[in-house]
Amino acid sequence: MELLSVCQASRCFGLKVQKKMMKVTLRTKQTIYVMDIPRSLFEEKLEHMKESKGLKNDTDLTASDLKELVGQYKEVYLSAKGEPFPSDPKKQLELAVLAVFNSWESPRAKKYRSINQITGLRGTAVNVQCMVFGNMGNTSGTGVLFTRNPNTGEKKLYGEFLVNAQGEDVVAGIRTPEDLDAMKNLMPQAYDELVENCNILESHYKEMQDIEFTVQENRLWMLQCRTGKRTGKSAVKIAVDMVNEGLVEPRSAIKMVEPGHLDQLLHPQFENPSAYKDQVIATGLPASPGAAVGQVVFTAEDAEAWHSQGKAAILVRAETSPEDVGGMHAAVGILTERGGMTSHAAVVARGWGKCCVSGCSGIRVNDAEKLVTIGGHVLREGEWLSLNGSTGEVILGKQPLSPPALSGDLGTFMAWVDDVRKLKVLANADTPDDALTARNNGAQGIGLCRTEHMFFASDERIKAVRQMIMAPTLELRQQALDRLLPYQRSDFEGIFRAMDGLPVTIRLLDPPLHEFLPEGNIEDIVSELCAETGANQEDALARIEKLSEVNPMLGFRGCRLGISYPELTEMQARAIFEAAIAMTNQGVQVFPEIMVPLVGTPQELGHQVTLIRQVAEKVFANVGKTIGYKVGTMIEIPRAALVADEIAEQAEFFSFGTNDLTQMTFGYSRDDVGKFIPVYLAQGILQHDPFEVLDQRGVGELVKFATERGRKARPNLKVGFGTLLRTSPYSLENHGLIVVWCWCANRWAFVENTVESLRLWPSSRRLGWITFLAPLSGFRLLG
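The numbering of the sequence shown is the numbering used here, which starts it at 259 and goes up by one.
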């Protein structure tokens, strides 16, 4: 310290450096302690001294004050460690280097690698270098800046500056910094050089830069630069501006905008997320992006009732079921205690572009008393709550929202995407309104229409479904199906009309029948079924017991329903073909594609294909007109992938249902993985959650194998990829498929696939287009 003071001609400076060195040596910015001594013990000494001297800032301390403070720091160290603070610079350097190495295993570092899917690295590196000092007086200072505004994208330096300080002071908030413009007046020569350097760095890296710098006695030093983080609005504007400035080409600009950026632009957001940080009372899974503010309700019926009164409701449930869809649609946001990223709540909410936080283990829902306990807070029906579906945050109170920021730059950006992409963009739509919204937002067809969702659209429909389920004879079951037929036909007509000239893929009934039964205790269910269907209690109870399953996701569902009850498949096929003929007669171009779900054997598919084609022949014969259509299947059972060549003899297209395929390949229940997946990820047993990032070695190999086998049997087979793998572009890497329908977080990967990944599967180039299924709420995306 004495040598440093002599060299720098300031004992006060040397003492300040020693004080800071001790604090930084004893802990790092990430609160990983080099010597296992909390920073607070030192901060208490500093604050006490400033208070006793009547001082506000560290910089106001005199050389005498600093000498006394350093002595107090040494006493803290001696008390905590039982030995003097090391004065040997080599020993100090050794401790600092070891601290950096050890930080690799810190919880924060592990979490960062997990979030950013960084794998395969064995540790971190250490740089040892000479530093310059911004705390040598009023001709010195330090700052942090972005070469463009990270919030708006404006081409203007954006940052903060502190005189007589070091970088830690700016980052840690020890002193309140000034706007960067202040540097222009205080140090004009250094400021001009800084502006010039920023232009050089941005031109070199062709990206907006986050820069740290120091001025030592009026001389500027550039410490580091990296690509700067930014908002969605800023990302699009920067990309467009840099193309206009000639810095980058449109293809490169597309990669500058991340999936999360577009999510921000397409959903309501909180006006100032930093303002509510103290009000965050729990954090769950960010199941569906956007922000929602409303009053708490606990049942789907209440959500619908509040919606009808013009009130914004947040539906809070332990978990949701298909019977809740009316309330889910009416609510502005959904919060669930249980369920993962592919739970019912998450899937439905994303399909509607509705904010959802799922799997929030920090809450306890009490439906009976209509209250929810969140941490130390108890919220009752009607109290205000805010949700951030992009971060999973649950926020107390009513936070201000801002609407989606769709700017002219976004249109320019999307035009560039349209120019380079080789993919078609289809939507997920279950109703005519959904289809119309999709078409208005640029959809090129419907990639998946889930017919079961239509049954919950009204009380009359769900009653007819329950009558069909409870029917003891074929005759009564057919009567119930006859009541459902006009509803399905009408919905299909609306979807075909909205998608005039574009393909519509319709999946036959998939979920197990028990999902259409009422919820509640057994007495209430029996009572409601008897009232709706006219069954007696004994028959109703017997039917419920027969529908009960130990593992319903592997039970009586999918094509098994249509095989056991062929009249069900006949009704749905008839509704599709009659709707298609009716729309054709009105001049609408119709291209129906019928998907048979959960096929495991070619015989299962053959049974359903024969039935569908027989219905088609009858309908066409009755009206004297035919239309073109396709019948295919969803490959979601490993056995189907292994015998894909046999299945392709009857299927005109494949769609890989990767959620069920992942579930059955791993043997993991996707609704229960939250109990052990975090442990697997933490211990390195798995690198990624397989329900968020496609397992390339296992599930991916099945997809590749089935595609190759299927095309051997049917060279013109259209192959699709249906998924809720929404968090990572890696889910679609190495799969040069013809059809992809998935959620919007994979948009970036689609542009990559058009450039690189298709080459990995040469056989997949025969039909060079990919279908992309995205949320309906403004989804004209990178796909």
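C-beta atoms are modelled at their ideal positions from N, C-alpha and C, and glycine is treated no differently.
Is His-519 helix, strand or coil when you go by DSSP?
-> His-519: helix per DSSP, three-state reduction.
Ends of the alpha helix (DSSP H) at Leu-674?
-> For the record, residue 674 in the displayed sequence is Trp; it is not Leu. According to the DSSP assignment, Trp-674 belongs to the alpha helix (DSSP H) that extends over 666 to 678.
Cys-388 burial status per 10 Å Cβ neighbour count (16 or more: buried) = With fewer than 16 other Cβ atoms from the protein chains shown falling within 10 Å of its own Cβ, Cys-388 counts as exposed.
What separation, rounded to the nearest whole angstrom, lies between the Cα atoms of Phe-963 and His-519?
-> Using only the alpha carbons, I get a separation of about 35 Å.
For Ile-376, which three-state DSSP category applies?
-> Of the three classes helix, strand and coil, the one that applies to Ile-376 here is coil, per DSSP.
Ile-727 versus Gly-942, Pro-690, Glu-825, Ala-570, residue with shortest Cα-Cα distance = Closest option to Ile-727, judged by alpha-carbon separation, among Gly-942, Pro-690, Glu-825, Ala-570: Glu-825.
With burial defined as no fewer than 16 other Cβ atoms inside 10 Å of the residue's Cβ, what is the status of Pro-517: buried or exposed?
-> Around the beta carbon of Pro-517, 16 or more other beta carbons lie within 10 angstroms, which makes this residue buried.
How would you label Ile-512, buried or exposed, when you count the other beta carbons within 10 angstroms and need 16 or more for buried?
-> By the neighbour-count rule (16 or more Cβ atoms within 10 Å), Ile-512 is buried.
Which residues mark the beginning and the end of the alpha helix (DSSP H) in which Gly-584 is found?
-> Unbroken alpha helix (DSSP H) run through Gly-584: 583 to 588.
At which residues does the beta strand (DSSP E) containing Val-473 begin and terminate?
-> 467 to 474 is the span of the beta strand (DSSP E), which, as asked, contains Val-473.
For Glu-529, which residues of its own chain have a beta-carbon under 6 Å away from its beta-carbon, when the five flanking residues on both sides are left out?
-> Once the five neighbours on either side are set aside, the close Cβ partners of Glu-529 are Pro-658, Ser-660.
In terms of residues, what are the limits of the alpha helix (DSSP H) holding Pro-860?
-> Start and end: 860 to 881.
Any idea if Glu-959 is buried or exposed, counting beta-carbon neighbours within 10 angstroms, 16 or more meaning buried?
-> Glu-959 should be labelled exposed.
Whole angstroms is fine: what's the gap from Arg-448's alpha carbon to Lys-414's?
-> Reading the sequence as shown, one finds Ala at residue 448 and not Arg. Their backbone Cα atoms lie some 17 Å apart in a straight line.
Asp-930 in three-state terms, based on DSSP = Reduced to three states, the DSSP call for Asp-930 is coil.
Who does Asn-315 pair with in a DSSP beta bridge?
-> Answer is none; Asn-315 lacks a bridge partner.
Determine the direct distance from the alpha carbon of Gly-542 to that of Gln-872, and round the result to whole angstroms.
-> The straight-line gap from Cα to Cα measures roughly 49 Å.
Can you tell me the Cα-Cα spacing of Gly-813 and Pro-770, whole angstroms?
-> Looking at the two C-alpha atoms, the distance is approximately 7 Å.
So, is Glu-460 buried or exposed, given that buried needs 16 or more other C-beta atoms within 10 angstroms?
-> Residue environment analysis places Glu-460 among the buried positions, since at least 16 neighbouring C-beta atoms fall within 10 angstroms of its C-beta.
Helix, strand or coil at Gln-725 [DSSP, three-state] = Helix, per DSSP.
Could you tell me which uninterrupted alpha helix (DSSP H) segments, each at least 4 residues in length, are contained entirely in the segment 470 to 558, listed from first to last along the chain?
-> Here the runs fully enclosed are 490 to 502, 508 to 513, 517 to 524.
Excluding five sequence neighbours on each side, which residues of the same chain lie with their C-beta closer than 6 Å to the C-beta of Asp-582?
-> Taken in chain order, the residues that qualify are Ala-558.
Option nearest Val-889 by Cα separation, candidates Asp-499, Val-881, Gln-866, Arg-638 | Nearest Cα to Val-889 within the set Asp-499, Val-881, Gln-866, Arg-638: Gln-866.
Let me know the alpha helix (DSSP H) ranges lying completely inside the segment 315 to 346, each 4 residues or longer, listed in chain order.
-> Contiguous alpha helix (DSSP H) elements confined to the segment 315 to 346 occur at 321 to 339, taking only those with 4 or more residues.
Report the option in Glu-796, Pro-860, Met-586 whose CA atom is closest to the CA atom of Arg-897.
-> When C-alpha distances from Arg-897 are compared across Glu-796, Pro-860, Met-586, the shortest belongs to Pro-860.
Where Ala-626 falls, given that 16 or more other Cβ within 10 Å makes a residue buried | Exposed, by the Cβ-count rule.
Proximity to Asn-407 [Cα-Cα], best of Glu-326, Leu-452, Thr-489, Leu-327 = Considering only alpha carbons, the answer is Thr-489.
My guess is that Ala-831 and Ile-870 are in contact by the Cβ rule of under 8 Å, so how many angstroms apart are they, rounded?
-> So it is a contact: roughly 5 Å between Cβ atoms.
With a cut-off of 8 Å on the beta carbons, I'd call Glu-907 and Ala-971 a contact; round off their distance for me.
-> So it is a contact: roughly 5 Å between Cβ atoms.
Are the beta-carbon atoms of Phe-471 and Gly-584 separated by less than 8 Å?
-> In this structure, Gly-584 does not lie closer than 8 Å to Phe-471 by Cβ.
Could you check what DSSP says for Glu-627 in three-state terms: helix, strand or coil?
-> Glu-627: coil per DSSP, three-state reduction.
Taking 8 Å as the cut-off, decide whether the C-beta atoms of Ser-619 and Ala-604 are in contact.
-> Cβ atoms of Ser-619 and Ala-604: not closer than 8 Å.
Cα-Cα, which of Met-586, Thr-594, Lys-628 is closest to Gly-611?
-> If we check each option's Cα against that of Gly-611, Met-586 comes out closest.
What separation, rounded to the nearest whole angstrom, lies between the Cα atoms of Gln-847 and Arg-484?
-> Using only the alpha carbons, I get a separation of about 52 Å.
Measure the alpha-carbon distance for His-993 versus Arg-679 and round it to whole angstroms.
-> Residue confidence is low: His-993 scores 48 on pLDDT, short of 50, so the model does not pin down where it sits. Its coordinate-derived value is still stated next. Answer to the nearest angstrom: the Cα atoms are 16 Å apart.
What residues match up with Ala-571 in a beta bridge as DSSP calls it?
-> DSSP output for Ala-571 lists Gln-553 as bridge partner(s).
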